[in-house]
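Only one structure is covered here, and it is reproduced in the block below.
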Amino acid sequence: MTDPERGSSSRPALSRCISVPADEFAARYWGSQPLLSPAAELDRGFDDLFSVAAVDELITRRGVRTPFIRMANEGSVLAASSYTAPGGFGAEIADQVSSDKVLAEFAGGATIVLQGLHRLWPPIIDFTRELIDDLGHPAQVNAYVTPPSSQGFDAHYDTHDVFVLQVSGEKHWRIHAPVLVDPLRSQPWDRHRGAVARAATGEPVIDAVLRPGDALYLPRGWIHSATALGATSVHLTVGMAAYTRADLVDALLREVGDNAALRGSLPLGIDLRDTEAIAPVVAQTIQALIETLQQTDASRPAAVLADRFDAATRAEPIAPLSTLEALATLDASTPVRWRASLPVRVTTIDDRVRIVGRAKTLSLPVEAEPAVRRLVAGGVVAPSELPGLDTESAVVVVRRLVREGFVVAPA
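Residue numbers for the sequence shown follow the UniProt record's numbering, beginning at 1 and rising by one.
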């Protein structure tokens with residue numbers, strides 16, 4: 001049931017991970033402060049997303065390869081050869097996971113890291129897509145499986161925000177304030193290894209044991225380390241690559257090519273070591289840059305970041321066989337809906353309505369515009385219920401939208 005005070009109706013996946021309303025999280029914690037959310041204050045745990053049995057299945061039956069698996073022991077990443085082997089006859093692949101080798105390393109205290117679960121494990125695929133819709137930023141999911149009383153990695157910070165979702169076992173987390181606030185991807189923790197190590201010896205901001213169903217949010221830059229306690233610990237780490245104002249600056253700087261003054265060469269023979277000689281050129285360039293940026297429409301840098309977002313994320317998967325089967329029987333009463341996590345722009349030009357999506361653009365007769373907008377608005381609807389078209393035309397339009405991957409027929 002939706003709890004309106006938690007804000008879960010608008011951001012249901014996010015609300016699974018936080019113990020405060022979504023609006024409060026956005027204003028007070030996002031990109032700013034860590035948040036510890038005990039299981040008792042959350043709607044449900046995370047065992048529907050992942051489990052100990054899922055770990056064993058991925059290692060024993062799924063043919064996982066690097067880089068979807070790696071292992072670490074006391075802060076050091078192990079060589080892939082220590083936990084992978086050739087797949088054997090019919091699967092001559094040199095780096096498939098070896099359950100025997102994984103057992104040996106795990107029994108010796110190594111942590112298993114299952115990476116990219118948002119591309120491997122069905123419940124996490126769906127959850128991650130929904131979370132991306134809630135956040136508006138790309139996200140990915142790894143699982144960390146740590147044997148009792150072991151620590152997989154030294155104290156460090158990440159250059160992306162994370163949710164830690166404890167699935168099973170217990171893990172002791174120590175969180176310290178950043179030595180570098182809001183680090184970019186080009187500013188990893190090992191460039192500040194000494195400062196991080198010193199900060200990790202101080203009084204932690206959070207010193208807590210995560211138990212099954214607990215969640216922890218950490219903005220990028222916050223220093224953390226974790227140790228499994230009396231049993232094997234399994235937790236999910238959701239990494240969120242938040243777009244930053246630095247990314248927006250990069251997008252804005254693409255506009256410099258529109259200004260002839262900024263395209264011009266520097267003076268012939270200029271001595272770049274001579275500050276006095278270069279200063280006027282720098283001043284002129286800054287002024288030209290300011291003029292260019294002031295004239296830039298917000299839609300242009302926004303489009304650059306939107307393209308990046310589309311390249312980094314995926315819409316709801318579509319099943320080719322089931323889709324063709326649905327097309328064969330689709331009629332006026334077949335329930336359909338817009339494909340989840342597939343944003344589009346709907347425009348009309350002359351006598352056509354254009355649907356501009358991530359990977360393709362579809363053009364339909366303008367009479368189909370009300371029906372298209374009704375589908376984009378969301379919810380399940382039958383072709384016979386679509387506005388602006390007679391039943392026969394509605395079926396034709398829906399068939400085309402299903403075939404092109406914009407609309408799905410739920411099983």
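Note that the Cβ used here is the ideal one computed from N, Cα and C, for glycine as well.
Sorted by chain position, which residues of the same chain lie with C-beta nearer than 6 Å to residue i's C-beta, five sequence neighbours on each side aside?
i: residue 130; result: 13
i: residue 145; result: 55, 112 and 234
i: residue 312; result: 138
i: residue 124; result: 49, 117, 118 and 141
Report the option in the options whose CA atom is closest to the CA atom of residue i.
i: residue 138; options: 308, 48 and 10; result: 308
i: residue 157; options: 197, 126 and 381; result: 197
i: residue 248; options: 93, 291 and 304; result: 304
i: residue 331; options: 155, 397, 299 and 286; result: 397
i: residue 78; options: 101, 90 and 92; result: 101
i: residue 241; options: 185, 319, 302 and 155; result: 185
i: residue 106; options: 275, 214 and 148; result: 148
i: residue 407; options: 193, 378, 65 and 392; result: 378
i: residue 435; options: 344, 182, 193 and 270; result: Because the chain is modelled from 1 through 411, residue 435 falls outside the range shown and cannot be assessed.
Pick helix, strand or coil for residue i, following the three-state DSSP scheme.
i: residue 163; result: strand
i: residue 239; result: strand
i: residue 62; result: coil
i: residue 29; result: helix
i: residue 16; result: coil
i: residue 177; result: coil
i: residue 7; result: With a pLDDT of 40 at residue 7, under the threshold of 50, the modelled position of that residue is not reliable, and the figure given next carries that caveat. Note: residue 7 maps to coil in three-state DSSP.
i: residue 96; result: strand
i: residue 82; result: helix
i: residue 150; result: coil
Let's test the definition: count the other Cβ atoms within 10 Å of the Cβ of residue i and tell me whether it reaches 16, buried, or not, exposed.
i: residue 115; result: buried
i: residue 32; result: exposed
i: residue 60; result: exposed
i: residue 201; result: exposed
i: residue 104; result: exposed
i: residue 89; result: exposed
i: residue 2; result: Summary for residue 2: the model assigns pLDDT 37, below 50, so the residue's position carries little reliability; its value from the coordinates is reported in the next sentence. So residue 2 counts as exposed.
Along the chain, where does the alpha helix (DSSP H) that runs through residue i open and close?
i: residue 381; result: Element bounds for residue 381: n/a, residue is neither H nor E.
i: residue 99; result: 99 to 107
i: residue 397; result: 391 to 403
i: residue 347; result: Where residue 347 is concerned, there is no enclosing alpha helix (DSSP H), although the beta strand (DSSP E) it sits in stretches over 345 to 349.
i: residue 278; result: 275 to 294
i: residue 252; result: 245 to 253
By the DSSP assignment, the beta strand (DSSP E) with residue i in it spans what residues?
i: residue 210; result: 206 to 210
i: residue 354; result: 352 to 356
i: residue 430; result: Residue 430 lies beyond the residue range present for the chain, which begins at 1 and ends at 411; the question has no answer from this structure.
i: residue 143; result: 139 to 146
i: residue 365; result: 361 to 365
i: residue 228; result: 223 to 228
i: residue 36; result: 35 to 37
i: residue 318; result: No beta strand (DSSP E) contains residue 318, which DSSP labels as neither H nor E.
Please list, in chain order, all residues of the same chain as residue i whose beta carbon is under 7 Å from its beta carbon, the five residues on each side excluded.
i: residue 322; result: 411
i: residue 5; result: With a pLDDT of 38 at residue 5, under the threshold of 50, the modelled position of this residue cannot be trusted; read the value that follows with caution. Here the set comprises 21.
i: residue 169; result: 228, 231, 232, 233 and 234
i: residue 211; result: 39, 166 and 170
i: residue 327; result: 399, 402 and 403
i: residue 127; result: 13 and 49
i: residue 133; result: 341
i: residue 87; result: 63, 93 and 96
Return the chain-ordered list of same chain residues with a C-beta closer than 8 Å to the C-beta of residue i, the five sequence neighbours on each side being excluded.
i: residue 288; result: 259, 261 and 262
i: residue 293; result: 252 and 255
i: residue 267; result: 281
i: residue 348; result: 354, 366 and 369
Does any residue of chain C have a CB that is nearer than 9 Å to the CB of residue i?
i: residue 126; result: Looking at the structure shown, chain C is missing, and only one protein chain is on hand.
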